[in-house]
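Colleague: Just dropping this structure here.
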């Protein structure tokens, strides 16, 4: 699970895309805003790694075009990713 926090772009990281690579296969998801009147989507992104113990690469493309990359990101953890800063494990498993 990852939670994105924008610094130089919008704090909610709306329209940021996350790509991750597991076993040579790339997957992608996006942080969405509300999708209806008085609606809001959960800002936590759940990234599937299957039976893998880590993602080889995790890339965040922020809405302002900047990119952060992290390698060997362990599975079964919750992370906070602040734009332009190191990956932070929030301690929840």
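In this note's numbering, the protein residues as written are 85 to 177. Think of the CB as a built atom: it goes at the ideal place given N, C-alpha and C, for glycine as much as any other residue.
Using a Cβ-Cβ cut-off of 7 Å (strictly less than) and excluding sequence neighbours within five positions of residue 91, which residues of its own chain qualify?
Modeller: Once the five neighbours on either side are set aside, the close Cβ partners of residue 91 are 166, 167 and 168.
Colleague: What are the residues that DSSP puts in a beta bridge with residue 150?
Modeller: Answer by DSSP bridge pairing: none, since residue 150 is not bridged.
Colleague: Output the distance between the C-alpha atoms of residue 89 and residue 104, rounded to the nearest integer angstrom.
Modeller: Using only the alpha carbons, I get a separation of about 18 Å.
Colleague: What does residue 97 pair with, by DSSP beta-bridge criteria?
Modeller: None, per the DSSP bridge assignment.
Colleague: In the DSSP assignment, what are the bridge partners of residue 133?
Modeller: Per DSSP, none; premise fails for residue 133.
Colleague: Cα-Cα, which of 111, 162, 127 and 148 is closest to residue 140?
Modeller: Nearest C-alpha to residue 140: 111.
Colleague: Would you tell me roughly how many angstroms separate the C-alpha atoms of residue 93 and residue 130, rounded to the nearest one?
Modeller: Those two C-alpha atoms are separated by around 22 Å.
Colleague: Could you check where the beta strand (DSSP E) with residue 139 kicks off and where it finishes?
Modeller: Run containing residue 139: 138 to 145, per the beta strand (DSSP E) assignment.
Colleague: With DSSP as the reference, identify every bridge partner of residue 161, one or two as the case may be.
Modeller: DSSP, once it has assigned bridges, lists no residue as partnering residue 161.
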